[in-house]
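Working notes, structure below.
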Amino acid sequence: MGDLTYDLIIIGGGPAGLTAAIYGGRAKLRTLVINKGAVGGLVNTTREIVNYPGYAQISGPDLMKDFKKHADCFGVEFSRDEVVSVNFSQDDKIISTKKGKEYMAKAVIIACGSEPRLLNIPGEKRLRGSGVAYCATCDAEFFEGEDVVVVGSGDQAIEEGMYITKFARKVTVIVLHDEGVLDCNKVSAERAFQNKKMEFVWNSTIEEVLGETNVEGVKIKNIKTGRSSELACQGVFFFVGMIPMTNFLKDSGIGMDPRGYIPANELMETDLEGIYAVGDNRVKYLRQIVSAAGDGAAAAVAAERYIEELNAFSTNVIKSDKKVLLLFFNAMNNVSLEFGTLLEQVNQELLAPYKVVKIDMATKKNIAQKYDVKTDPSVIVLDRGQEIKRLHYSNDKENLKAQLR
Amino acid sequence: MSLKQLNANSFEKVIGDDLEACLVIFSRKDCHVCKGVVPLLEELQPEYLDKFGFYYVDVEVDKNLYQRFSLKGVPQILFFKEGDYRARLVGAIDEDQVIEKIAELLES
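The following block contains the structure:
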């Protein structure tokens, strides 16, 4: 059991997860990355990356190999497995995997990324691998000299569509918007419009993939006129956005928006203590490798501090031989500060039967929440972590002494 | 244990002559989905020693093999028994689906 206990567990091995791993490993946290499939996540699907600082041009898999190697340097452990359920309700977070392992960690970073969204139209699932595809790098070559339809107009759709023109005879892009409007970046849009093999069908969506054993065509619906038409083709590539793979968290009590994204603050903290969300799993503005890496770094540092606090609290309070006076104070409040001095003085005069541990409520909200302390100053008397009583606030020395005797 | 790679000749021998009950994954080096599926098979393989064969075809090396089964994408796992093509699994599958398919084939 002991070897499955970690300081930090990172679920997912894309750029956010690997960066968190690098920071976690460097901070000497016992760090594990649980990743299903190949390490690198969605970056692996990108043939060419030209906007990651320090690399003028590199392929996705090569960049992720460098990330992984870097994490290895710091002693990070990796497990190829899939998380099926979690229990985040205690200080020790429990993570259960498909291979039947049960891991424990003080902090968890959720970095499991997203997967291609399915349209769930007739024929899409049935003809997968027989003309329906989601990855141009993997499958474009199978359509040498054939007609291909691309659904979507984001960066991925247009850039992958252009890559497919290297093999296909013709690529027809089905676009939801009015003529000339694409969701992708301007450079790619201009290139696509100039590409003689690219054609566009505007104001349209796809209703059905046609074909018996292989794709033979698609049924296209014009959303303006409502009219349907058929277009013959041998392949259909879907690039209709991504959905976060956070489904396994739905019973964990973590806050998620209706689309499955997890709101997190600047420290990547979620609404659960010790749980962080990064990269494509969180609600955010920019979804790039560099911003995913930034998320990973912030989360790992926040997790490190959280763990440090947890450990310090455990040594000073829970495992203390002496009884503890847990003083919640506010550094901005003079009454609070003076009370702290008085409490220490009283303890000294009683020949120090207690250990006084001060908790700044502004920075250690977790502990205040745990003991349900809302006002300062407050004092809780603890014996080995168990609450014995709460003191009543008084600035009278004798009153305090009486309460502590 | 890595999967044994087949070419057109060895494919013919294993499936056509030896009539081995087996699976063949059609894959390619730069396919990230394949990189997720191949290790699953490598891990399963030892559990089926002498009962069920596990093989690998690189579609870039042996184009005629994927053309023969008119495949339009990787990864695809094709299942064979007594020389006949019986079933297939496409895309990012998990080990349970493979285990289930093998069981079906061995019982049939």
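These protein sequence lines map, in sequence, to chains A and B. When we follow the numbering used here, the leftmost residue of the first sequence carries the number 14, and every step to the right adds one. When we follow the numbering used here, the leftmost residue of the second sequence carries the number 712, and every step to the right adds one. Beta carbons: idealized from backbone N, C-alpha and C, even for Gly. Everything numeric in this text was worked out from a predicted model, so none of it was measured.
Item: C-beta contact flag for A:Ala305 and A:Pro28 at 9 Å; Value: yes
Item: For A:Leu262 and B:Val725, the rounded distance between their alpha carbons; Value: 44 Å
Item: Residues bridged to A:Asp75 (per DSSP); Value: For A:Asp75, which the question treats as bridged, DSSP gives no partner whatsoever.
Item: Rounded separation between A:Lys237 and A:Phe155 - CA only; Value: 34 Å
Item: Beta-carbon proximity check, B:Tyr766 vs B:Lys715, cutoff 9 Å; Value: yes
Item: Any chain A beta carbon closer than 9 Å to B:Pro757; Value: no
Item: Selection from A:Arg397, A:Asn278, A:Arg300, A:Tyr116 that minimises the alpha carbon distance to A:Ile23; Value: A:Tyr116
Item: Cβ-based contacts, 7 Å cut-off: residues of the region 759-775 of chain B near chain A; Value: none
Item: is_contact[A:Ser143, chain B] using C-beta, thresh 9 Å; Value: yes
Item: Per-residue burial, A:Leu363 [other beta carbons within 10 Å of its own, 16 or more giving buried]; Value: exposed
Item: Partners in chain A for B:Leu782, counting only beta-carbon separations shorter than 9 Å; Value: Gly142, Ser143, Phe155
Item: Cβ-based neighbour list, A:Lys179, same chain, cut-off 8 Å, excluding 5 preceding and 5 following; Value: Ala153
Item: Residue-level contact to chain A via CB, B:Ala803, 9 Å cutoff; Value: yes
Item: Neighbour-count burial assignment, B:Pro757, 16 or more Cβ in a 10 Å radius; Value: exposed
Item: Collapsed DSSP secondary structure at B:Ser819 in the structure displayed; Value: coil
Item: Cβ neighbours of A:Ala196 in the same chain (closer than 6 Å, five flanking residues each side left out); Value: The identity of residue 196 of chain A in the sequence shown is Asp, whereas the question assumes Ala. If we look at A:Asp196 and ignore the five residues flanking it on each side, its Cβ neighbours are Ser166, Gly167.
Item: Cα-Cα separation, A:Glu317 to A:Val394; Value: 28 Å
Item: For A:Asn48, the three-state DSSP class (helix, strand or coil); Value: strand
Item: Proximity test, Cβ basis, 9 Å: A:Pro74 and chain B; Value: yes
Item: CB contact check: A:Ala51 to chain B, cutoff 9 Å; Value: yes
Item: Validate contact between the region 242-260 of chain A and the region 131-145 of chain A using beta carbons, cut 8 Å, 3 pairs; Value: yes
Item: Cα-Cα separation, A:Met14 to A:Phe213; Value: Bear in mind that the predicted position of A:Met14 carries a pLDDT of just 46, short of 50, making it unreliable; the figure below should be weighed with that in mind. Approximately 58 Å between the Cα atoms of the pair.
Item: Cβ-Cβ separation, A:Ala311 to B:Asn747 (assumed contact under 8 Å), whole Å; Value: As written in the sequence, residue 747 of chain B is Gly, which differs from the Asn given in the question. Going by Cβ atoms, the distance from B:Gly747 to A:Ala311 rounds to 28 Å, so no, they are not a contact pair.
Item: Sequence-distant residues of its chain with Cβ nearer than 8 Å to A:Asp191 (five each side left out); Value: Trp215, Asn216
Item: Test: A:Val253 CB closer than 9 Å to a CB of chain B; Value: no
Item: Uninterrupted beta strand (DSSP E) stretches inside the region 72-145 of chain A (no shorter than 3 residues); Value: 90-93, 96-100, 106-110, 115-123, 127-129
Item: CB contact check: B:Cys733 to chain A, cutoff 9 Å; Value: no
Item: For A:Glu220, the first and last residue of its enclosing beta strand (DSSP E); Value: 217-223
Item: Per-residue burial, A:Cys86 [other beta carbons within 10 Å of its own, 16 or more giving buried]; Value: exposed
Item: Simplified DSSP assignment, three categories, for A:Met14; Value: The predicted position of A:Met14 is uncertain, since its pLDDT is 46 and thus under 50; no value can be drawn from it.
Item: Length-filtered (3 minimum) beta strand (DSSP E) runs lying within the region 266-316 of chain A; Value: 288-290
Item: is_contact[A:Cys246, chain C] using C-beta, thresh 9 Å; Value: In the displayed structure, chain C is absent; the protein chains listed are A and B.
Item: Coil, strand or helix - B:Asn775 by DSSP; Value: helix
Item: Neighbourhood of B:Val801 by C-beta, 6 Å cutoff - its chain only, sequence neighbours within 5 removed; Value: Gln787
Item: Contact with chain A by B:Gln691, beta-carbon distance below 9 Å; Value: This structure does not reach residue 691 of chain B, given that chain B is present from 712 up to 819, and the question cannot be answered.
Item: Boundaries of the alpha helix (DSSP H) in which A:Leu414 is found, first to last residue; Value: The sequence as given places Lys at residue 414 of chain A; Leu does not occur at that position. Where A:Lys414 is concerned, the enclosing alpha helix (DSSP H) stretches over 410-417.
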